[in-house]
Amino acid sequence: MVRLTSTPLHVASQEGHLVVVKHLVLNGASVDTAYKDRQSPLHLASQSGHLDVVKHLLDKRAFVNAVDRMDRTPLHLASNAGHLEVVKHLVDNGANVDAIERSFGRTPLHLALQEGHLDVVKHLLDKGADINPANVVGRKLLLLASQKGQFNVVKHLLDKGADINTTDKEHRTPLHLASKEGHSDVVELLLDKGAGVNIADKFRWTSLHFAAYSRHKDIVMLLMDAGADMNIETIVFL
């Protein structure tokens with residue numbers, strides 16, 4: 001949907017009309033014009049995956065790290081949408097791979113991960129993105145991927161050195177979250193990589209508590225085979 005406050009350059013960039021973009025810029029249109037949501041033409045082209053428009057705007061000195069009203073950069077939007085080639089070009093032209101948006105404290109890596117864009121996740125990590133940024137509720141990348149059951153992302157993060165027993169603000173680990181959500185393949189991977197099977201959260205819930213509560217019999221068996229303690233008592237019942 002075209003924004004009501006868009007300039008012609010915004011519209012052409014969003015729709016990928018390179019010839020029109022070139023003509024407008026040639027005739028004086030500002031490549032960094034932003035309106036009420038503070039999104040620039042580069043934001044819109046990046047979000048829509050129009051690599052040729054992105055290249056032209058950057059060639060014309062568009063600000064690669066421009067932020068909208070939520071402090072999202074073009075790289076945030078391209079990563080969220082899974083546009084790998086756009087992501088590559090933005091990063092090669094100086095995009096901040098660790099930029100943080102305001103609403104949930106997410107980096108481009110968070111957004112790529114939550115949408116399951118493993119190719120973008122791998123590229124950002126290869127380009128030096130911080131592997132352990134936390135969002136506003138203290139969830140780091142490995143926690144998010146484990147909660148969502150993204151096996152390949154979890155494996156890649158572990159291979160890159162992510163802390164397997166990292167915790168959020170409630171002291172929950174990746175194994176807690178994968179056990180609670182029923183992701184047996186992720187649970188098995190985490191156990192194989194040495195995740196602490198008897199770590200308790202701030203309410204003294206272990207992974208076994210979560211699996212039992214959620215009726216994930218297969219995960220209960222995996223945890224017990226890995227040495228889960230059946231006698232740890234909680235202090236709060238969920």
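What the sequence shown shows, in the UniProt record's numbering, is residues 1 to 238, in sequence order. Ideal Cβ placement from N, Cα and C applies to all residues, glycine included.
Kindly indicate which residue of the options has the alpha-carbon position closest to the one of residue i.
i	options	result
residue 203	149, 164, 171	171
residue 28	70, 7, 64	7
residue 26	207, 93, 59	59
residue 189	215, 219, 89, 103	219
residue 94	66, 224, 105, 152	66
residue 33	48, 208, 99, 63	63
residue 130	222, 191, 87, 98	98
residue 52	211, 223, 20	20
residue 120	134, 213, 44, 77	77
residue 82	112, 68, 56	112
residue 134	232, 128, 110, 127	110
Roughly how many whole angstroms lie between the Cα atoms of residue i and residue j?
i	j	result
residue 107	residue 142	14 Å
residue 198	residue 46	44 Å
residue 173	residue 85	33 Å
residue 114	residue 181	15 Å
residue 105	residue 48	23 Å
residue 132	residue 169	14 Å
residue 192	residue 61	49 Å
residue 10	residue 40	7 Å
residue 161	residue 101	24 Å
residue 216	residue 122	31 Å
residue 234	residue 152	32 Å
residue 73	residue 147	26 Å
residue 92	residue 75	11 Å
residue 249	residue 210	Past the boundaries of the shown model lies residue 249; the chain is included only from 1 to 238, so the question cannot be answered.
residue 31	residue 80	22 Å
residue 38	residue 44	11 Å
residue 214	residue 118	28 Å
residue 90	residue 231	52 Å
residue 15	residue 127	29 Å
Give every residue of the same chain whose Cβ lies closer than 7 Å to the Cβ of residue i, excluding the five residues on either side of it in the sequence, and list them in chain order.
i	result
residue 116	150
residue 12	20, 21, 24
residue 103	70
residue 226	191, 197
Is there a Cβ of chain D sitting closer than 8 Å to that of residue i, yes or no?
i	result
residue 183	Within the model displayed, chain D is absent; a lone protein chain is all it includes.
Could you please give the first and the last residue of the uninterrupted alpha helix (DSSP H) stretch that includes residue i?
i	result
residue 225	217 to 225
residue 55	51 to 59
residue 168	It is not in any alpha helix (DSSP H) - residue 168 carries neither H nor E in the DSSP assignment.
residue 30	Premise fails: residue 30 is in no alpha helix (DSSP H) and is neither H nor E.
residue 147	141 to 148
residue 92	84 to 92
residue 210	207 to 213
residue 151	151 to 159
Near residue i, what residues of its chain come up, given a Cβ to Cβ distance below 6 Å and the 5 sequence neighbours on each side ignored?
i	result
residue 195	164, 175
residue 207	175, 176, 179, 223
residue 200	206
residue 167	173
residue 125	160
residue 228	197, 208
residue 42	57, 62, 74
Ignore the nearest five residues each way along the sequence and tell me which others in residue i's own chain have a CB closer than 8 Å to its CB.
i	result
residue 56	18, 21, 22, 25
residue 139	147, 168
> Is it true that the stretch 178 to 188 meets the stretch 156 to 165, where meeting means three or more beta-carbon pairs spaced less than 8 Å apart?
Replying inline: no
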